[in-house]
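Every letter in the sequence shown is one number past the one before it in the working numbering, and letter 183, counting from 1, is 345.
Heads up, the beta-carbon is just placed ideally off N, CA and C, and yes, glycines get one too.
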Amino acid sequence: MQKNNYKTYWNVKTLVFMALLVAMHLVLTRVFVVELGAYRISVGSVCTILAGLWMGPAAGAVCGLTADILGCFMKGYPIDPFITTAAICWGLIPALAKPLYANRTKKGKTAGIVLSVFGTAVVSSLVLTTMGLVLFEGYNFYTIIPGRLVQFVVLIPIYSVLTCLLYFSPLTSLVVGTVTPAVLKKKAV
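Written out as structure tokens, the structure reads:
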């Protein structure tokens with residue numbers, strides 16, 4: 163008889179960290195953001211990427227979905243299924259790619275994270291979000307694609323650097339559960 167892992171996977175600690183990451187995502191994408199029509203400059207997707215890397219693809223997808231829907235309600239935007247799917251992909255794809263580089267050196271893990279962020283950005287930002295803007299928001303594809311390409315080129319290195327810095331920090335041990343807050347406090351002293 164197989165043991166049901168839902169109680170251990172969806173425990174209170176995981177839900178609390180998911181809620182914190184959703185809240186951080188909302189603050190970074192809805193408050194600390196530069197909006198230029200079809201272009202949005204923010205780093206909130208890093209929170210969703212980390213949710214997937216730290217807690218698995220399901221948690222990353224749920225964080226992306228929740229953050230997007232709550233963000234639409236906060237700003238009064240209609241929910242766009244393409245953009246919501248793009249938000250889900252930010253938490254899902256890097257987490258699904260993690261087994262490909264999990265047992266590698268730090269350089270290998272860094273390369274894996276950067277490649278997964280790049281691949282996710284192509285699917286999420288360039289394809290799905292652009293489709294949502296064109297089909298649901300009425301933007302002209304040929305008008306917005308040059309700016310979206312510039313946005314892609316500027317934001318992907320920033321996403322990659324922030325994700326790697328946070329993933330290789332003591333936060334990962336805290337979230338994953340290999341280090342407790344008491345141990346971190348003791349090390350600081």
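Cutoff 8 Å; reference F303; Cβ partners in own chain excluding five residues on either side: T292, V296
message: Under DSSP, the alpha helix (DSSP H) around L198 begins and ends at which residues?
response: That residue, L198, is in no alpha helix (DSSP H); its beta strand (DSSP E) goes 196-198.
- request: Could you tell me which residues DSSP puts in a beta bridge with R202?
  value: E197
- prompt: Is it buried or exposed for I231, if we count other Cβ within 10 angstroms and need 16 for buried?
  reply: exposed
query: Relative to the alpha-carbon of L212, which residue among R202, S204, A223 has its alpha-carbon at the smallest distance?
result: A223
message: Taking the beta carbon of Y239 as the centre, do at least 16 other beta carbons fall within 10 Å, making it buried, or is it exposed?
response: exposed
message: Which same chain residues end up closer than 7 Å to V338 when comparing Cβ atoms and leaving out the 5 residues on each side of it in sequence?
response: W216
Cβ-based burial, L123 [other Cβ within 10 Å; buried from 16]: Missing from the structure shown is residue 123; the chain here goes from 163 to 351 and no further.
query: Could you give the distance in angstroms between the alpha-carbon of M186 and the alpha-carbon of M236?
result: 14 Å
task: Quick one: give me the first and last residue of the alpha helix (DSSP H) that T334 is part of.
output: 332-338
field: 4-residue-minimum alpha helix (DSSP H) runs that sit fully inside the region 227-288, ordered along the chain
entry: 243-259, 268-283
task: Could you say which of V174, T210, W172, V289 lies nearest to V189 if we only look at CA atoms?
output: T210
task: Drop a sphere of 10 angstroms on the beta-carbon of N166, count the other beta-carbons inside from all chains shown, and report buried for 16 or more, exposed for fewer.
output: Unreliable positioning characterises N166 in this predicted model, as indicated by a pLDDT of 44, which lies under 50. The coordinate reading is nonetheless provided below. N166 should be labelled exposed.
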